[in-house]
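Peer 1: Let me give you the structure first, and then I'll get to my questions.
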Amino acid sequence: MRRFLAILLFVAVALPVAPQATESNLRLELQRAELNEAQALASLEQIKRLHAQGIESEFVLKKAQAEYDRAVLETKRARLALANELPSLRVVSAIKSRQPGGQTMVTLRLQEMERVYDADLVRRYLVSIKDQQSIISQPYEQPLTLRGANTAVVELRYRLLKDVDDVVVLVNSGTKREEIPILLEREMSANQLQMMSPNYSQEGALGDKVEYTIQIERFSSAARDVQLGLTGLPAGFAHEWIDAESKAKLSRISFADHQNTIRLLLRVFLPEASNPEWFGRLMPFRAEALSADGTTPLGTLDLQLRPIGLPRLALSSDNLLLQVAPGAQRRVLLDVTNVGAADARGISFESELPMGFRGEFDPPVLTSVAQREKKQVALTLIATPEAVTGEYNLRVKAISAARMANVESPELTFRIEVGTGRSALWIAAIIGLVLAAMAFLIVRMTRRVAR
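The numbering used here puts the first residue of the sequence shown at 38, with every later residue one more than the last.
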């Protein structure tokens, strides 16, 4: 066993260690190959002259030619090995821009490093853009094919799946993998501000509001104080700008030093009155970022709004004071009116009843109530024998299923008095006796004072 281990140790020490393929070693290998190629060429030329004179044989000439071809091949192999060790591509520029729909695009301009390549040699690369963890470009990889001594600038265009500025250009070629960290440039356009919104097209119910999330990004430090505006909406539509973080209402914004992005909310309030021309079509309008004096547009964003009608229910009754005795019941009529801009369908009713009461609606559900139509529903209030004498509130509301969400009417509140007729007579009698006693005492005291 010891002899076997000693042999293994001797072999490990005796075997030469392969030199590491660094750039300096590869350059030396290339110089050696080029020197061998030059020597092989000189030898071939000499043997050709000797062969022409009849001194050297055809066999020696072919052998010299083979040696030269082998030397040329070794030079190509050394040159490719060095090229694979060095960076293959350089980034000329990488410019980030925004599309009207909010997509973040990157235009990547690449140039292959200068190499001594054969005219028929094809190089293939796969180019991606990634953050510190994963690929964030769409398409994920773009093929790049170059041939010969090509130093032209190639342009590739990507959509970023994540909006970042610090990225890595990933270049794969066979088993070689290169990573080039870069900082994206921002596109300098005529406008100094870029406005974008992920929810630029929405539906809104009449009488309600919609909110657009808007991000404003500046590409020039000259854009500092900005006035906010909105154009294109018909009369009756109101709007307000809200800071996304502080929720403060704004009419203008100001970029701080080293601040390039501001997030806002644009609230658009739809009028309650309907216009038939609004329904069934998109209503385009435009958000604007203007210079501080409001004269120069710095950025614009096209938005869309589709107004839709919703039912709006209102409850009313001629009698909001209900008197009922324990064990008795009381019937009251409710008026259900649709004051909205769409028919109400499947209308049900909910009530908050005090303890000791039951309520029944007749009918329990209204199939539909058209716009500006009024229908009646009967509510039967039943007081159980255990109902306690006193005053209570009864709240009733109507609910209709609508396109966007259920629509609820404002609550209608009834005042309920629970008591008996006998108790009311006793209370009146007691009050009368108290008043008579007070009058008797006043008369007696007046007579004493007179004496």
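Even glycine gets a Cβ: it sits at the ideal position worked out from N, Cα and C.
1) Would you list, in sequence order, the uninterrupted beta strand (DSSP E) runs of no fewer than 3 residues that lie entirely inside the segment 359-419?
2) Using only CA atoms, which one of E445, L431 and N430 lies nearest to S437?
3) Do E151 and T188 count as a contact pair if the criterion is CB distance below 7 Å?
4) Select from L87, A75 and R86 the residue whose C-alpha is nearest the C-alpha of E104.
5) Are the beta-carbon atoms belonging to A376 and A351 less than 7 Å from one another?
6) Decide if T59 is buried, meaning its Cβ has at least 16 other Cβ atoms within 10 Å, or exposed.
7) Within 10 angstroms of its Cβ, does T211 collect 16 or more other Cβ (buried), or is it exposed?
8) In angstroms with no decimal places, state the Cα-to-Cα distance between R367 and I345.
9) So S388 and L431 are supposed to be a Cβ contact under 8 Å. How far apart are they, rounded?
10) Figure out for me which residue from R184, V109 and L265 has the closest Cα to the Cα of W278.
11) Does the Cβ-Cβ distance between R214 and T144 come in under 7 Å?
12) Within 10 angstroms of its Cβ, does V208 collect 16 or more other Cβ (buried), or is it exposed?
13) Determine the DSSP secondary structure at E82, reduced to helix, strand or coil.
14) Where does M475 sit, in a helix, a strand or coil, going by DSSP?
15) Does the segment 266-276 come close enough to the segment 309-322 that 3 or more CB-CB pairs lie under 8 Å?
16) Please work out which residues of its chain come closer than 7 Å, Cβ to Cβ, to G427, disregarding the five sequence neighbours upstream and downstream, and give them in chain order.
17) If you measure from the CB of Q68, is any heavy atom of the ligand FMN nearer than 6 Å?
18) Any idea what DSSP makes of V109, helix, strand or coil?
19) Given this structure, state the Cα-to-Cα distance separating L462 from I468, to the nearest angstrom.
20) What are the residues that DSSP puts in a beta bridge with L307?
21) Have a look at L81, R86 and S238 and flag the residue whose alpha-carbon is nearest the alpha-carbon of D106.
22) Could you check whether the segment 230-240 touches the segment 324-341, counting it as contact only if at least three pairs of C-beta atoms, one from each stretch, sit closer than 8 Å?
23) Ordered along the chain, which non-local residues of its own chain (more than five positions away) have a Cβ less than 8 Å from that of A285?
24) Confirm, please, whether the CB-CB distance from T421 to E397 is below 7 Å.
25) From which residue to which residue does the beta strand (DSSP E) around K167 run?
26) So, is K246 buried or exposed, given that buried needs 16 or more other C-beta atoms within 10 angstroms?
27) Kindly indicate which residue of E192, A186, S165 and E111 has the alpha-carbon position closest to the one of L147.
28) Go ahead and label I92 buried or exposed: buried means 16 or more other beta carbons lie within 10 angstroms of its beta carbon, across all protein chains shown.
29) Out of P391, V164, I479 and D355, which has the shortest C-alpha to C-alpha gap to E178?
30) Under the rule that 16 or more other beta-carbon atoms within 10 Å means buried, what is I479, buried or exposed?
31) On the three-state DSSP scale, how would you describe H276?
32) Please list the segments of the beta strand (DSSP E) lying wholly inside the segment 208-282, counting only runs of 3 or more residues, in order along the chain.
Peer 2: According to the structure data:
1) Runs of the beta strand (DSSP E) inside the segment 359-419: 366-375, 381-389, 394-399 and 402-406.
2) Nearest to S437 by alpha-carbon distance, out of E445, L431 and N430, is E445.
3) Yes, the pair counts as a contact, with Cβ atoms nearer than the cut-off.
4) Nearest of L87, A75 and R86 to E104, Cα basis: A75.
5) Correcting the residue type first, residue 376 is Val in the shown sequence and not Ala. Yes, the Cβ-Cβ distance between V376 and A351 is below 7 Å.
6) Classification for T59: exposed.
7) Going by the sequence as given, residue 211 is Gly instead of Thr. Counting every other CB atom within 10 Å of its CB across the protein chains shown gives G211 a total below 16, marking it as exposed.
8) Going from the Cα of R367 to the Cα of I345 covers about 40 Å.
9) Right, their Cβ atoms sit about 7 Å apart.
10) With respect to the C-alpha of W278, the residue from R184, V109 and L265 having the closest C-alpha is L265.
11) Cβ atoms of R214 and T144: not closer than 7 Å.
12) V208 counts as buried, since no fewer than 16 other beta carbons sit within 10 angstroms of its beta carbon.
13) When DSSP states are grouped into helix, strand and coil, E82 belongs to the helix group.
14) In the structure shown, the three-state DSSP call for M475 is helix.
15) Contact between the segment 309-322 and the segment 266-276 is present, because at least three Cβ pairs lie under 8 Å.
16) V455, listed in sequence order.
17) Absence of the ligand FMN from the depicted structure is noted, as is the absence of any ligand whatsoever, leaving it without description.
18) If DSSP states are grouped into helix, strand and coil, V109 belongs with the helices.
19) Only weak support is given to the placement of L462: the predicted model assigns it a pLDDT of 49, under 50, and the question is left unresolved by the model.
20) None, per the DSSP bridge assignment.
21) Comparing Cα positions, the closest option is L81.
22) Note that the segment 230-240 touches the segment 324-341; at least 3 beta-carbon pairs, one per stretch, sit closer than 8 Å.
23) So the qualifying residues of the chain are I279.
24) Not in contact: E397 and T421 (Cβ atoms no closer than 7 Å).
25) Here the beta strand (DSSP E) through K167 covers V159 to K167.
26) Classification for K246: exposed.
27) Out of E192, A186, S165 and E111, E192 has the C-alpha closest to the C-alpha of L147.
28) Residue environment analysis places I92 among the exposed positions, since fewer than 16 neighbouring C-beta atoms fall within 10 angstroms of its C-beta.
29) The shortest C-alpha separation from E178 is found at V164.
30) Exposed, by the Cβ-count rule.
31) Here H276 sits in strand by DSSP.
32) Within the segment 208-282, the complete beta strand (DSSP E) runs of at least 3 residues are 213-220, 230-233, 238-242, 246-255, 262-268 and 275-280.
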